DNA sequence: TATAGTGTACTGCTATACGTGGTACACATA
DNA sequence: TATGTGTACCACGTATAGCAGTACACTATA
């Protein structure tokens, strides 16, 4: 079962935390294509949040192509699809990478340690569930 | 010479962009220990910003241990030092890594492509200038 | 000593983001 | 018909981002 945890008052906004965790769950295969997510109000009640906050997170995930929403039915994990142009896609990766590496290097981790951490996480995230991902 | 570029109205706050770029410049060695940074007002004028915005970015970098500020003299690249406990340090790395990987995987990059991108950037960032970093 | 440049700390103001609370409507399903 | 769904509002309070201006203490240099 898909579990979500959230910490209000953290450095990261609540709806962002939801986005991060859903992204990760989809990436690892913990949530498979077609799986239903908890309804807006149900998840809001679980996490003691306002339903608008949950809806905001879901809406962004739909915009990103991670989720599909069907009016009156619920929200579901979407079939993999590209929502950004090639340039925009690369631009977003570069920015994310730049932010991450600057942070890691500032924390005084060595390049070796960083590469190792990345590899470990990727292994951990992708070996848990088999996934078929065809990419150009 | 150390150059900075900033885009207002972007998804990332201006003072954050300054922080990111200074972090990166220090990490790559483009800015060496002891180097002076542009003064608060000078940089503010260059970037057409308020000096408070620059001061805010510098203040955070001082808090992180990246910069030293000497009253009446200026701000300088600090000698490497740890400002976080071991636990906090790891916690921050994990969060940064989680955010980055979720983003990259959502963008539909494969683990192989991600590892390659990380390696390339680290090479590019660290081969430009030699750095001595002793880590436990 | 006087002056200029430095970091720092305020106050006030505007705009935006975040989150809550409530209401309402259209859709789907049993 | 009744219930649960996504979605779209509005109002409100709080926090963050950024600008503008002012002020003060420090440092260096003429």
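Protein chains in written order, with my numbering: chain U, 11 to 146; chain W, 11 to 146.
We put the beta carbon where it would ideally sit given N, CA and C, even for glycine.
Values in this document were obtained by computation on a predicted structure and should not be read as measured data.
- About 42 Å separates the beta carbons of residue 34 of chain W and residue 49 of chain U, which is beyond the 8 Å limit, so they are not a contact pair.
- DSSP lists U:87 as the beta-bridge partner residues of residue 77 of chain U.
- Only those residues of the region 47 to 65 of chain W whose C-beta falls short of 9 Å from the nearest C-beta of chain U would be listed, and there are none.
- Counted as a single uninterrupted DSSP element, the alpha helix (DSSP H) harbouring residue 33 of chain W occupies residues 24 to 38.
- Taking CB atoms only, residue 28 of chain U has no neighbour in chain W less than 8 Å away.
- When CB distances to chain U are screened at a threshold of 9 Å, the residues of the region 101 to 117 of chain W falling below it are 102, 103, 104, 105, 106, 107, 108, 109, 110, 111, 112, 113, 114, 115, 116, 117, in chain order.
- Of all C-beta pairs linking the region 120 to 137 of chain W to the region 26 to 42 of chain W, three or more are shorter than 8 Å, placing the two stretches in contact.
- In the three-state reduction of the DSSP assignment, residue 46 of chain W falls in the strand class, which pools E and B.
- Think of a sphere of 7 Å around the beta carbon of residue 121 of chain W: the chain U residues whose beta carbon falls inside it are 132, 136, in chain order.
- Under a criterion of Cβ atoms nearer than 7 Å, the residues of chain U adjacent to residue 74 of chain W are, in order, 116.
- The Cβ-Cβ distance between residue 16 of chain U and residue 57 of chain U falls below 8 Å.
- Nearest CB-CB separation between residue 24 of chain U and chain W: not below the 8 Å threshold.
- Restricting attention to W:102, W:118, W:81, the CA atom closest to the CA of residue 98 of chain U is found in W:118.
- One Cα belongs to residue 105 of chain W, the other to residue 22 of chain U, and the distance between them is close to 10 Å.
- Look at residue 17 of chain W: its C-beta is not under 8 Å from any C-beta on chain U.
- Residue-level contact by beta carbon holds for residue 37 of chain U and chain W, with a gap shorter than 8 Å.
- Sequence-distant Cβ neighbours of residue 44 of chain U in its own chain, meaning closer than 7 Å and more than five residues away, are 86, 87.
- Around residue 128 of chain U, the beta-carbon contacts reaching into chain W at under 8 Å are 107, 111, 124, 125, 128.
- If you check the CB distance, residue 24 of chain U and residue 47 of chain U do not come in under 8 Å.
- Interface with chain U (8 Å Cβ-Cβ cutoff): residue 83 of chain W is excluded.
- Listed along chain W are 118, each with a C-beta nearer than 9 Å to that of residue 90 of chain U.
- When C-alpha distances from residue 71 of chain W are compared across W:116, W:126, W:27, the shortest belongs to W:27.
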